[in-house]
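K.L.:
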Amino acid sequence: MKARRLYFLFAILMVAAFLITSCSQETDSQGPRKGEKLKIYTTIYPLYDFAAKIAGEKGLVEKVVPAGVEVHDFEPSPKLVAGIYDADVFVYLGGSIDPWAEKMAGQLSKEGVTVVKAGESLFVEEPDEEGSDDHSDSHVWLDPVLAKAMAGRIAEALAEKDEENASYYRENLKKLENRLDDLDQEYSKALLQAPKKDFIVNHAAFGYLAKRYNLNQIAISGLSSQQEPSPRKLAELSELCREKGIKYIMVEASSSSKLANVLAREVGAKVLILHPLENLSEEDMRAGKDYFALMMENLENLKKALNE
Ligand SMILES: [Zn+2]
258 MKARRLYFLF AILMVAAFLI TSCSQETDSQ GPRKGEKLKI YTTIYPLYDF
308 AAKIAGEKGL VEKVVPAGVE VHDFEPSPKL VAGIYDADVF VYLGGSIDPW
358 AEKMAGQLSK EGVTVVKAGE SLFVEEPDEE GSDDHSDSHV WLDPVLAKAM
408 AGRIAEALAE KDEENASYYR ENLKKLENRL DDLDQEYSKA LLQAPKKDFI
458 VNHAAFGYLA KRYNLNQIAI SGLSSQQEPS PRKLAELSEL CREKGIKYIM
508 VEASSSSKLA NVLAREVGAK VLILHPLENL SEEDMRAGKD YFALMMENLE
558 NLKKALNE
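Numbering (the working numbering), first residue to last: 258 to 565.
In C-alpha cells form, the structure reads like this:
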C-alpha cells in the first residue's frame, strides 16, 4: 500500500518536472532564462565590438567570421549555421559583405531569434563602374556617424529582447555614442582642412569615410599586399602619384613589406596601413585592439598621407 502511494507521488513529480521544463523552453524565444546571459551572434568585427560594448556583462557575444579570415569570401559551415539558431539575437550588416546572413535572416526570425540588419538603409547604391571589382562598397562602419546608427539598432534589439536589462543596454549605448561623436570630431578636425584630398588604397573600403570628410579615395584593384605588382600596374601608380603629388599608398595588411619595397623602389611612394576593420588578425586580437584603437591608427596614417 505504502509503496503504491510512493509510486503515485513519484509519477506526479515526474509530470510536474516535465511541465516545468517545457514551460521554460517555451519562454526561451522571449529572451534569456533567469540568470543566463543574452546570447548574441554577430557577423563582422565592428558589429561584434559594438555588441560587446553594449551588452557588457549581461551578454555573451560571438563573432561568426573567425579572426584572420577574408570576410568577402566567407561562407559559414553547417555547424556554424546551427549555432546561430541557438542565439537570442543575430546581428548582421546587410549589403555585399555578409550576403549569407541575409539569406538566413527570414528563417531565424521565424524560429524566434531577434534579427538586426545593422546597415539597413545606410548603403548608397552606386552605379557599377567599368572595371570595378566584384563587391560594391558596404563599409559603412568606417564613417563614425553611420557607425552610431548601427550601434543604436543593436542596443534597441538587446533592450527589446531582454527588457529587464534595457536601461543597462541604453546606458552603454550612450557611452558608445559619445565615443563615436568624439571620434567624428577628431576626424573632422584633422581631415577637413588637410591640404591633399586624394589617397590611394588597394581595397575600396573607404568610400563612406572619404565622403564624410570630403576626401577622394582612389582604389587600385589587383594590388594585393601578398603579390608583386605587375610592371603595368607600377607604371600606372607612378603616373598617378606624380600627377597628384601623392607620397603614400595605403594598404590593408601589415604583412606588406614585399609590396612596400617594390613600390618604394619603382614608384617612389611609401606604404601606410589603412585598416578596413571588417575583420581583425590574430595579432590585432592579441594586442587587444578594438574599433576605436584601429580608427585612431587609421587617422594618424591618413593625416600623414594627406599632409606630406
Ligand atoms: Zn572590405
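The beta-carbon is built from N, C-alpha and C at its ideal position, and this holds for glycine as well.
Bridge partners for residue 319 per DSSP, in chain order?
P.N.:
Answer by DSSP bridge pairing, in chain order: 298.
K.L.:
Taking only heavy atoms of ligand 1 into account, decide whether any of them is closer than 7 Å to the Cβ of residue 533.
P.N.:
Yes, ligand 1 has a heavy atom inside 7 Å of this Cβ.
K.L.:
Confirm, please, whether the CB-CB distance from residue 431 to residue 563 is below 8 Å.
P.N.:
Cβ distance not < 8 Å, so residue 563 and residue 431 don't count as in contact.
K.L.:
Please determine if the stretch 521-536 and the stretch 487-503 are in contact, where contact requires at least 3 C-beta pairs separated by less than 8 Å.
P.N.:
Touching, yes.
K.L.:
Only counting the same chain, and skipping five residues up and downstream in sequence, which positions put a Cβ closer than 6 Å to that of residue 559?
P.N.:
None.
K.L.:
In whole angstroms, what is the alpha-carbon distance linking residue 298 and residue 419?
P.N.:
Approximately 15 Å between the Cα atoms of the pair.
K.L.:
From the beta carbon of residue 415, is the nearest beta carbon of chain C less than 8 Å away?
P.N.:
Reference to chain C is not applicable here, since this structure consists of a single protein chain.
K.L.:
What residue range does the beta strand (DSSP E) around residue 429 cover?
P.N.:
Taken as a continuous stretch (DSSP letters only), residue 429 belongs to no beta strand (DSSP E), being part of the alpha helix (DSSP H) at 423-448.
K.L.:
For the stretch 457-474 against the stretch 334-346, do three or more pairs of beta-carbon atoms, one drawn from each stretch, fall closer than 8 Å, so that the two count as touching?
P.N.:
Because the criterion of three Cβ pairs below 8 Å is not met, the stretch 457-474 and the stretch 334-346 do not touch.
K.L.:
Keeping to the same chain, check which residues put their C-beta closer than 7 Å to that of residue 350; ignore five residues upstream and five downstream.
P.N.:
So the list reads 300, 301, 304, 375, 376, 395, once near-sequence residues are dropped.
K.L.:
Measure the Cβ-Cβ separation of residue 313 and residue 295 and say whether it is below 8 Å.
P.N.:
No, they are not a contact pair.
K.L.:
Please determine if the stretch 397-413 and the stretch 461-473 are in contact, where contact requires at least 3 C-beta pairs separated by less than 8 Å.
P.N.:
Contact holds: three or more Cβ-Cβ distances are below 8 Å.
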